[in-house]
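Asks: Protein chains in written order, with this note's numbering: chain A, 1038 to 1264; chain B, 112 to 499; chain C, 33 to 418.
This is the structure:
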């Protein structure tokens, strides 16, 4: 199995009001392609920061992050943005859907960055929404949907461009148990059926159960596997 | 996760930014509003200070200004014998026989404008003690010399000490500069009346200004003049009100122009305040719900938001006024329609301008804030707690 | 789904706020246009002054008359086609407020010199043949409801007494910028009465208007005219009508400057109203913009989204504002007496400037929000809550 993500000796320090706050200390992790990894840990342990670094929306203070053999630290902002649009699907705790756009249009958003024709985009959007089971809700706006449905739209948006890697930050954090289960089942399916590499931050143990690998962070340190 | 103190700061900055924009908007409107009123008041002040309450002026009936007025020598003589004209220690009547005319001069700022030339009698200094020599000497009677007002000196080419000005077929030398304390005389040129009359070969004066003995005597004089067929073409008026009338047209024009523009401006500012207040209400929905849940009444919520809006506009109003009061250091000049000549005046502040401007600012805050505040007070507690 | 659609959807997100903003911009644009129209109308007044006509007046001031004999001398000057002399009459018609220009002229020549005042042959004949006939402009006739054959009584101030005139003609304006507020009557009528009442003031003319032969050098003719009277008791100053108008309007330059400053302040108001709205709208969407950036949208996309919205709002505001301006100018034209603005119409350049500056301001107003949202780190933006 090839390595999808390779994090080597990465550290991250935030500076606020002249105070340096270390968030990650020398973290190294390798995630093989097609894995489903859950990152767990208390608030402030650095799990979201690690996720952001892997997703290329934040830069490490030290160390190297390579994704599919590419060192994303060497890319400039604009090529990094392009890279994200092709390789990463994002799922956020609060869905981050645009309220004035329909489900269809929200899913279509990342496709605006591709050279696909209108017809091709339509097919992609419809396929994605069908996968998440919302083919009949395409015309609805986010506030006409339940929290679980909104998160499914967000997942459809994450897979619309068919990226290899999906990052999810607390995808069930704002949902009831039943909806949370639906979301986790969906993510599992994306992993198994479509071979997506998934990295998920959560502090919900029942969500983490769906992952193959669970890693814990504490005060910026990645604890050894199985700890 | 860390406390996003950074964001609190950022929020604060963002709110401060929109609040500042609202304040600046109101300040700008109040500034323009006050500036226009100050301009109109400046014109009035310049002309009111030109005339004195103790002097009266005689002009021909129907002439709105001195230029078009004519008093022939015989009539002037007749008038000077009437009872009611004060006499000096030597027993001479305190009268200035005057000829008013205008000449074209080039303005330093470009273009030409009319400058009033006033021929005056020696008694004028008794009549108008406010006019002081600032530089040089007074014109000698019997010679073609000019004393220019300080504003004319400052704004026109060829109006400096020693310059020669050509009119009435002759050259006149500027020998002095006078300071008339901000009145319209500052925008004039004074010469010996007999010389001016001679140069233009006129057997008439334009007007007569005199010191009157008492109000009653003046009334008697008025009825005497209107009853005398040789004199009833003439009209007596208190000097102050005569000059005050000459400010009416220009001051009115400035006020109307200014009012129309500021009304339109203020709509912009009120809309700005309204947008800010609506957003302020929207951002604090939960806060409003909490206050209401704690037992605060609708009225209290309404008042709180309205107060915020009034404060914003009041701060704007005060800043606008402070800005506008800086204008009092400037003076401008323009053609006065009534006297057909250039008039220089300063922006002048008055208590009534301050009060009107502040009321105007508060009105803008009220109109801008009332609807958003009303919306805030009408919110249902449950809905607002949910942050809908 | 494309950028335009995204921008449209965002624009409709806060209907109340954006309607208010559009309204604010519309009012400001119309005020801006109105002030500009005042300025361009005055300019049009200057432009209406022909460069093919000369005005000869007393060199010291317009208020001093010239000897009648000057007219003949001027007529003999090389390069002159036609000539007419006039006297400023002034006076009061019914009320002091009604101050349209009233002038004594030569009835048989005035319409040759001023072909832009159009009268019928019958009207012209009647004007020439009747001693106390007068001709008024159509704007004045309309305003004071004056009809042919009416008697107009004017109370003189420069020329004292009551003066009666019979309206024998109402001239039409040839061009949009022709002044329709003048009143003309015969100089002979004025002079006859002066000979009786004030002989010293008779046989004087206010100024002389000359029409030049085509292709004549106006500067040379002006000089030729003025040279004839140099060192006389009444030296003259000749200049083209346009230059004459210009020097007259320059006396009011302080007022024009005030109007210009106000129109600049109005632009500031537009910028503030729009900027305020855009700052608030984009601030509420900080997380969305961060999400879009995470998805791979870049700075230029945000510029398109934010500036696009700002410009759309400004554009709609400008359209409504210009529409309002049109109505306001109609209204002002109907309400404000013609003599304040003999010509009052919206110059095409006003439309162009109003639109382009509104759109430009739309762009400017988005600079701060764009800057803020492109600079903010994605991770910070995602955590942002209003």
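No residue lacks a Cβ here, since even glycine has one placed at the ideal position from N, Cα and C.
Let me know if residue 243(C) comes out buried or exposed under the rule of 16 or more other beta-carbons within 10 Å of its beta-carbon.
Replies: buried
Asks: Cα separation between residue 1057(A) and residue 1117(A)?
Replies: Each residue's alpha carbon lies about 26 Å from the other.
Asks: With a threshold of 8 Å, are at least 3 pairs of Cβ atoms found where one atom belongs to the segment 156-171 of chain C and the other to the segment 136-148 of chain C?
Replies: yes
Asks: Determine, for residue 408(C), whether the minimum Cβ-Cβ distance to residues of chain A falls below 9 Å.
Replies: no
Asks: Thinking C-beta only, is residue 391(B) closer than 9 Å to residue 475(B)?
Replies: no
Asks: Return yes when the Cβ of residue 1202(A) is within less than 9 Å of the Cβ of residue 1126(A), no when it is not.
Replies: yes
Asks: Of all the options 1041(A), 1109(A), 1061(A), which has the alpha carbon lying nearest to the alpha carbon of residue 1048(A)?
Replies: 1061(A)
Asks: Comparing the C-beta of residue 325(C) with each C-beta of chain A, is any distance below 9 Å?
Replies: Closer than 9 Å: yes.
Asks: Would DSSP call residue 172(B) helix, strand or coil?
Replies: coil
Asks: In three-state terms, what does DSSP make of residue 258(C)?
Replies: For residue 258(C), the three-state secondary structure derived from DSSP is helix.
Asks: Less than 6 Å between C-beta atoms, sequence neighbours within five positions excluded: which residues of the same chain meet that for residue 1228(A)?
Replies: 1073, 1235
Asks: In the DSSP assignment, find the beta strand (DSSP E) that holds residue 1065(A) and state where it starts and stops.
Replies: 1056-1069
Asks: Nearest by alpha-carbon distance to residue 290(B): which of 240(B), 279(B), 198(B), 473(B) is it?
Replies: 240(B)
Asks: Assuming residue 232(B) contacts residue 206(B) under a Cβ cut-off of 8 Å, what Cβ separation, rounded to an integer in Å, is found between them?
Replies: 7 Å
Asks: Could you check what DSSP says for residue 424(B) in three-state terms: helix, strand or coil?
Replies: In the structure shown, the three-state DSSP call for residue 424(B) is helix.
Asks: Taking residue 287(C) as the reference, which of 314(B), 198(B), 443(B), 230(B) has the closest Cα?
Replies: Closest by alpha carbon: 443(B).
Asks: Output, in chain order, the set of chain C residues within a Cβ distance shorter than 7 Å of residue 1122(A).
Replies: Near residue 1122(A) (Cβ distances below 7 Å), the residues of chain C are 327, 328.
Asks: Following the continuous alpha helix (DSSP H) through residue 1132(A), name the residue where it begins and the one where it ends.
Replies: Segment: none, residue 1132(A) is in no alpha helix (DSSP H) and carries neither H nor E.
Asks: At which residues does the beta strand (DSSP E) containing residue 198(C) begin and terminate?
Replies: 193-205
Asks: Run down chain C in chain order and give the residues with a C-beta less than 9 Å from the C-beta of residue 182(B).
Replies: Under the 9 Å cutoff, chain C gives no residues; its nearest Cβ is about 12 Å from residue 182(B).
Asks: Please go through the same chain and pick out, in chain order, the residues whose beta-carbon is closer than 8 Å to the beta-carbon of residue 176(C), but skip the five residues on each side of it.
Replies: 125, 126, 130
Asks: Any heavy atom of the ligand GDP closer than 8 Å to the Cβ of residue 1091(A)?
Replies: The ligand content of the structure shown is nil, which means the ligand GDP is not present either.
Asks: Using three-state DSSP, classify residue 1258(A) as helix, strand or coil.
Replies: In the structure shown, residue 1258(A) sits in a strand (DSSP, three-state: E or B).
Asks: Should residue 155(B) be labelled buried (16 or more other beta-carbon atoms within 10 Å of its own) or exposed?
Replies: buried
Asks: Name, going along the chain, the residues of the segment 444-470 of chain B whose beta-carbon falls closer than 8 Å to a beta-carbon of chain C.
Replies: For the segment 444-470 of chain B, the residues whose beta carbon sits under 8 Å from a beta carbon of chain C are, in order, 444, 445, 446, 451, 453.
Asks: Please list the partners that residue 221(B) has in chain C, where partner means a Cβ-to-Cβ separation under 8 Å.
Replies: Going along chain C in sequence order, the residues near residue 221(B) (Cβ under 8 Å) are 282, 285.
Asks: Of the residues 72(C), 350(C), 332(C), 276(C), which one's Cα is nearest the Cα of residue 208(C)?
Replies: 72(C)
Asks: Could you check whether residue 1254(A) and residue 1273(A) sit closer than 9 Å to each other, using their CB atoms as the reference points?
Replies: In the structure as shown, chain A starts at 1038 and stops at 1264, and residue 1273(A) therefore has no counterpart that could be examined.
Asks: Check distances from the C-beta atoms of the segment 331-350 of chain B to those of chain C and list, in chain order, the residues that come in under 9 Å.
Replies: 344
Asks: Establish whether the CB of residue 118(B) and some CB of chain C are separated by less than 9 Å.
Replies: Model confidence at residue 118(B) stands at a pLDDT of 39, short of 50, so the residue's coordinates are unreliable and nothing is read from them.
Asks: I need the straight-line Cα distance from residue 227(B) to residue 212(B), nearest angstrom please.
Replies: 6 Å
Asks: Could you tell me the alpha carbon to alpha carbon distance between residue 120(B) and residue 473(B), rounded to whole angstroms?
Replies: Reliability of the predicted coordinates at residue 120(B) is poor, the pLDDT of 45 falling under 50, and the value obtained from them is presented with this limitation in mind. Straight-line measurement puts the Cα of residue 473(B) at about 30 Å from the Cα of residue 120(B).
Asks: So the candidates are 379(B), 127(B), 325(B), 462(B); which of them puts its Cα closest to the Cα of residue 166(B)?
Replies: 325(B)
Asks: Is residue 1078(A) helix, strand or coil when you go by DSSP?
Replies: coil
Asks: Can you name the residues that DSSP bridges to residue 453(B)?
Replies: Answer by DSSP bridge pairing, in chain order: 446(B).
Asks: Among the candidates 63(C), 48(C), 43(C), 85(C), whose CA atom is the shortest distance from the CA of residue 274(C)?
Replies: 85(C)
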